[in-house]
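Colleague: Quick note, the sequence shown lines up with residues 392 to 968 if you use my numbering.
Right, I'll just put the structure down here and ask away after.
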Amino acid sequence: MEDQIFVSDLPSLDTLYPGKVTLDTRSGYSGFIVPREFLLEVSTEIHDVWGYDMLSSITGVDYFPEKMEVVYHFYRSLGGGALVLKVQVPRDDAVVPSIFSIYNGAEFQEREAWDLLGIKFDGHPDLRRILMWEGFEGFPLRKDWKEAYYEGDTKPFSSRWPEGVAEHSENKNIFNDNVKYPENFDPDKWIASGEEALYLGLQKSENGKDMETESIVINLGPQHPSTHGVFRMAALVDGEEIVDLKPAFGYLHRNHEKIGERNTFLQNMPFTDRLDYISSMSNNFGYALAVEKLMGVKPPERAEYIRVIMAELTRIESHFMSTGFLLNDLGAFFTPALYALKERELILDVFEAVSGSRMMCNYFRFGGVVRDLPAGIQETIKNLAFERLPGKVDELDQLLTENEIVRSRCMGIGVLTAEQAINLSVTGPILRASGVPYDIRRADPYSIYDRFDFDIPVFYHGDVYDRYLIRIEEMRQSVRIIQQAITQIPEGPVFEGKPQYQVRVPAGEAYGRVEAPKGELGFYVVSNGQANPWRYHVRAPSFINLTSLRQMCLKYKVADVIAILGSIDIVLGEVDR
C-alpha cells in the first residue's frame, strides 16, 4: 500500500521543486513564485499529487513599470487553506501558459486577465475579450491606461475636494459620452470580428440520427426576461436540442476594479454593495476581511456576532429570491416570487434599521460595523429566527417540492457531476448540489463560524431540482446559526479603535473570502502603503459559476436552458462588474 501524504505533511514547494519554485520573500507577501516555463509542470503536480483540485481565483496585477504578475489561489475540495502560486513576466512580453487543460475553471478568468490587462495565455482554447467589446482600444486595468474622463490616478480628485467644483465631464469629450475610440475609428465601417469568433467557437457534433438535419445558431438574450438582466447565450441547436452553447456578457461592465483602484480603501466599502446587489452585507464582509488582514485588525466580539447575523439573513433573503424567480423561469409567473419577496421585505426592514438602507447597506467597517443594533431590532431578529422564518421556509417547501411540474421540469435536467463542478471552479449551492460538501464556513473558517452548530447540506444528483433543494435546506441552517448568534451575542463595542474618514493600510497583499449566497466571494487586495489600493480584484461567484453553463446545457432542450440558468442564480451586477 502506498504511503499517504497529508496536507499537514506537505513541505514547502521551494523544497519540493528546487530551481522551479521560490518563496515570495517580499514584505507583506506570501506564496510561491514559479517561472512561466515551469507553471504547467508545477500546476499538474499540485493537482494530481498534492490534491489541490480547486482553482479558486486568477488575478492579474500590473506592477508598473517593471512587470506583470499572475496570482493563482488553489484549494483542496476536502478543505484547508490556500496554496498561492505567482508568475511574473515583463510588461512588454506578458505571455503565460494557460492552465485550462488542468483546471477548466480557468477559462473565463484567463480571458478576463487578457481583456483587462493584456496578459496573453498561451494555449487557451478561446482567448477573446470577455467584458469589453472587441473594438476596444487598450487594456483598461493597466496602470498607464487612461479613461475618457481621466482626472487623476487616485481619489479624491481635486475638482471634488476641497474646492468642490462641479462640472459635466462629458462636455469635455467630443462624443459627449464616456467613450474613447481607436484613432481613425469609423463605426460605419467597423466589422464586429468578435461575433464571428463567437459563432465559429460553437462546435457541431454528430447527432447520431438516421435523418440528416441542419444545426442553426440562435441567440437567447441579451434583451430577454429569462436572462435575469442583460445577458446573452449563443446556442447551436439541432431541432430543440442544444449542441453547443457559449455565454456572452459584459453589457453592464463598468470597470468596477479600475474605479476601485481610483477609490480610497474606505470608498470601496459602499462600492461593493453594487456587485451582487441582493447580497450587500456579504459583499461588505468579504472586502472587510481582506483589508483587515492587511491592517492586522480584529473586530470586537459583538461586531463579529452582528456580522454573522447579517450575513445569514442575507443568505436567507437571497435564497428566497432565487427560489421565487426560478419558479418564474419555469412558468409559474410571479405568484411563488411574491411569497418569497414578502419574507425578503421583512429582512430588508432589519437592514434598513441597522444601516439606513434596504439594499446598498454600507454597514461593515475595517474593525467592526459602523453602528450598533438600534433599540428593538435584536428582538425583531429573534422573532424572525424563532417564530416567522422556520415556518415560512417549510411553507415554501410544502408548496413546491412535491409539485409535479417543478419535479418534471427540474429532475434530471442540467446535470453537473462532482468532478465536473470541482474542475470548473464552481462553488456555493451548485457545488454542494453536485455532491461536494464544500462550504468555506467549515472548510476554511473565518470570523466566528467555528463556534456555531450547523450542518452543510449536500445532494448528489447535480440537477436543477437538487440546486433548488439545497437552497431550501441552507435557509434552515442559516436560521439555526441566527438563533444561536442572537441568543449568545454579548454586550460591548462594535468597532475597534476610533472611526476614521481615511485609513492607512500597510504595504502587502491579502485575499479575503466568504461563503456568499452564490458561492465563494473573494477580494484580492494589494496595498503600497497609500490611501488607495494598488490592486483591487473581485473573485465574483456569479461570473465564475457561469463556466459550468455550457456543460449543464449540452444535450438538453432550449426550454431547459432557461431553468438551468435560473438554477445557477446569477446577478449581472456581479457577473459584469
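Ideal placement from N, C-alpha and C gives every residue a C-beta, glycine not left out.
Please name the residue, chosen from R756, K477, L532 and N646, that lies closest to Y892 on a Cα-to-Cα basis.
Modeller: Locating residue 892 in the sequence shown gives position 501, counting from the first residue. Residue R756 is the option with its Cα nearest to Y892.
Colleague: Could you please give the first and the last residue of the uninterrupted alpha helix (DSSP H) stretch that includes E605?
Modeller: If you number the sequence shown from 1, residue 605 lands on position 214. It is not in any alpha helix (DSSP H) - E605 carries neither H nor E in the DSSP assignment.
Colleague: Classify E498 as buried or exposed, calling it buried when 16 or more other Cβ atoms lie within 10 Å of its own Cβ.
Modeller: Looking up residue 498 in the sequence shown gives position 107. Buried, because 16 or more other Cβ atoms sit within 10 Å of the Cβ of E498.
Colleague: Assign Y851 to one of two classes, buried (16 or more other C-beta atoms within 10 Å of its C-beta) or exposed (fewer than that).
Modeller: Position 460 of the sequence shown, counting from 1, holds the residue named residue 851. Result: exposed.
Colleague: Alpha carbon to alpha carbon, how far is A731 from F491?
Modeller: As a first step, residue 731 is located in the sequence shown; it is residue number 340 there, counting from the start. As a first step, residue 491 is located in the sequence shown; it is residue number 100 there, counting from the start. One C-alpha to the other measures close to 39 Å.
Colleague: Put N610 into one of helix, strand or coil per three-state DSSP.
Modeller: Numbered from its first residue, the sequence shown carries residue 610 at position 219. Three-state result, N610: strand.
Colleague: Counting only the same chain and skipping the five closest in sequence on each side, list residues whose C-beta sits under 8 Å from that of M751.
Modeller: Position 360 of the sequence shown, counted from the start, is the residue given in the question as residue 751. These residues qualify, in order along the chain: P661, D664, R665, Y668 and S671.
Colleague: For a minimum of 4 consecutive residues, which ranges assigned as the alpha helix (DSSP H) are wholly contained in the segment 690-734?
Modeller: Listed in chain order, they are 692-721.
Colleague: Just list the beta strand (DSSP E) runs in the segment 802-866, keeping only unbroken ones of 3 residues or longer that don't cross its boundaries, in chain order.
Modeller: Here no run is fully enclosed.
Colleague: How about the segment 794-811 and the segment 952-965: do they share at least three Cβ pairs that are nearer than 8 Å?
Modeller: Cβ pair count under 8 Å is three or more, so yes.
Colleague: Please go through the same chain and pick out, in chain order, the residues whose beta-carbon is closer than 6 Å to the beta-carbon of L704, but skip the five residues on each side of it.
Modeller: The sequence position of residue 704 within the sequence shown is 313, counting from 1. Cβ within range, chain order: I738.
Colleague: Pull up the distance between the alpha-carbon of A901 and that of E683, whole angstroms please.
Modeller: If you number the sequence shown from 1, residue 901 lands on position 510. If you number the sequence shown from 1, residue 683 lands on position 292. Cα-Cα distance, rounded: 9 Å.
Colleague: Buried or exposed for Q500, going by 16 or more other Cβ atoms inside 10 Å?
Modeller: What you label residue 500 is simply residue 109 of the sequence shown in a count that begins at 1. That one is buried.
Colleague: Taking all protein chains shown into account, do 16 or more other C-beta atoms lie within 10 angstroms of the C-beta of F676, making it buried, or fewer, making it exposed?
Modeller: Position 285 of the sequence shown, counting from 1, holds the residue named residue 676. Buried, by the Cβ-count rule.
Colleague: Spatial neighbours of R427 within its chain, please: C-beta separation below 7 Å, excluding the five flanking residues on both sides.
Modeller: Reading the sequence shown from its first residue, position 36 is the one you call residue 427. V478, V480, V487 and P488, listed in sequence order.
Colleague: Please return the same chain residues whose Cβ sits closer than 6 Å to the Cβ of R926, not counting the five positions on each side in sequence.
Modeller: For the purposes of this step, residue 926 is identified with residue 535 of the sequence shown, where counting begins at 1. Excluding sequence neighbours, R926 sits near V452 and V917.
Colleague: Which residues in the same chain have their Cβ closer than 6 Å to the Cβ of L718, if we skip the five residues on either side of it in sequence?
Modeller: Counting from one through the sequence shown, the residue named residue 718 turns up at place 327. Only P727 meet the Cβ criterion.
Colleague: In whole angstroms, what separates the C-alpha of A950 from that of I861?
Modeller: Taking the sequence shown and counting its residues from 1, one reaches residue 950 at position 559. Taking the sequence shown and counting its residues from 1, one reaches residue 861 at position 470. Computed Cα separation, rounded: 22 Å.
Colleague: Assuming R482 and P456 are in contact, meaning their beta carbons sit under 8 Å apart, how far apart are those beta carbons, in whole angstroms?
Modeller: Looking up residue 482 in the sequence shown gives position 91. Looking up residue 456 in the sequence shown gives position 65. That pair is a contact at about 7 Å.
Colleague: Got a sec? Which residues, its chain only, sit under 7 Å from G338 by beta carbon, not counting five neighbours each side?
Modeller: It is not possible to answer for residue 338, since the shown part of the chain is limited to 392 through 968.
Colleague: Could you say if the segment 811-829 and the segment 761-776 meet the contact criterion of at least three C-beta pairs nearer than 8 Å?
Modeller: At 8 Å Cβ cutoff, the stretches do not touch.
Colleague: According to DSSP, is F520 helix, strand or coil?
Modeller: Numbered from its first residue, the sequence shown carries residue 520 at position 129. Phe is not the amino acid found at residue 520; the sequence shown has Arg there. Coil at R520, not helix or strand.
Colleague: Between E965 and the ligand GTP, is the CB less than 6 Å from at least one heavy atom?
Modeller: Because no ligand of any kind appears in the structure shown, any question about the ligand GTP cannot be addressed here.
Colleague: In whole angstroms, give me the CA-to-CA distance for I424 and L414.
Modeller: Along the sequence shown, read from residue 1 onward, the residue named residue 424 stands at position 33. Along the sequence shown, read from residue 1 onward, the residue named residue 414 stands at position 23. Whole-angstrom Cα-Cα distance: 6 Å.
Colleague: Considering only the beta carbon of each residue, do C801 and V760 sit closer than 7 Å?
Modeller: Within the sequence shown, residue 801 is the residue found at index 410, counting from 1. Within the sequence shown, residue 760 is the residue found at index 369, counting from 1. Not in contact: C801 and V760 (Cβ atoms no closer than 7 Å).
Colleague: For the segment 877-892 against the segment 779-798, are there 3 or more C-beta pairs whose distance is under 8 Å?
Modeller: Segments in contact, no.
Colleague: Taking the Cβ atom as the reference point for each residue, do G903 and L680 lie within a distance shorter than 7 Å?
Modeller: Against the sequence shown, residue 903 aligns to sequence position 512. Against the sequence shown, residue 680 aligns to sequence position 289. A contact, by the Cβ cut-off of 7 Å.
Colleague: Flag this pair as yes or no: are the beta carbons of Y466 and M445 separated by less than 7 Å?
Modeller: Locating residue 466 in the sequence shown gives position 75, counting from the first residue. Locating residue 445 in the sequence shown gives position 54, counting from the first residue. Taking 7 Å as the Cβ cut-off, Y466 and M445 qualify as a contacting pair.
Colleague: In the segment 393-455, which residue ranges form an unbroken alpha helix (DSSP H) of at least 4 residues, counting only runs that do not cross its ends?
Modeller: Fully enclosed alpha helix (DSSP H) runs of 4 or longer: 404-407 and 430-439.
Colleague: Where D629 and E432 are concerned, what is the direct C-alpha to C-alpha distance, given to the nearest angstrom?
Modeller: Here residue 629 corresponds to residue number 238 of the sequence shown, with the count starting at 1. Here residue 432 corresponds to residue number 41 of the sequence shown, with the count starting at 1. Approximately 40 Å between the Cα atoms of the pair.
Colleague: Residue range of the alpha helix (DSSP H) that D785 falls in?
Modeller: By one-based count along the sequence shown, residue 785 stands at place 394. Element bounds for D785: L780 to L791.
Colleague: Quick check: the Cα distance between A723 and L507, rounded to an integer number of angstroms?
Modeller: Residue numbering aside, residue 723 sits at position 332 when the sequence shown is read from its first letter. Residue numbering aside, residue 507 sits at position 116 when the sequence shown is read from its first letter. A723 and L507: Cα-Cα distance of roughly 40 Å.
Colleague: On the premise that D835 lies in contact with G470, defined as a C-beta separation below 8 Å, what is that separation, rounded to the nearest angstrom?
Modeller: Taking the first residue of the sequence shown as 1, we reach residue 470 at position 79. Taking the first residue of the sequence shown as 1, we reach residue 835 at position 444. Confirmed, Cβ separation roughly 7 Å.
Colleague: From E743 to S939, what distance separates their C-alpha atoms?
Modeller: Translated into positions along the sequence shown, residue 743 becomes position 352. Translated into positions along the sequence shown, residue 939 becomes position 548. Their backbone Cα atoms lie some 35 Å apart in a straight line.
Colleague: Please determine, among D517, I821, Y540 and F429, the residue with the shortest C-alpha to C-alpha distance to S713.
Modeller: Residue mapping note: residue 713 aligns to position 322 of the sequence shown, counting from 1. Ranking the options by Cα distance to S713, first place goes to I821.
Colleague: When DSSP builds the beta bridges, which residues end up paired with G759?
Modeller: By 1-based counting over the sequence shown, the position of residue 759 is 368. Answer is R756 and F886.
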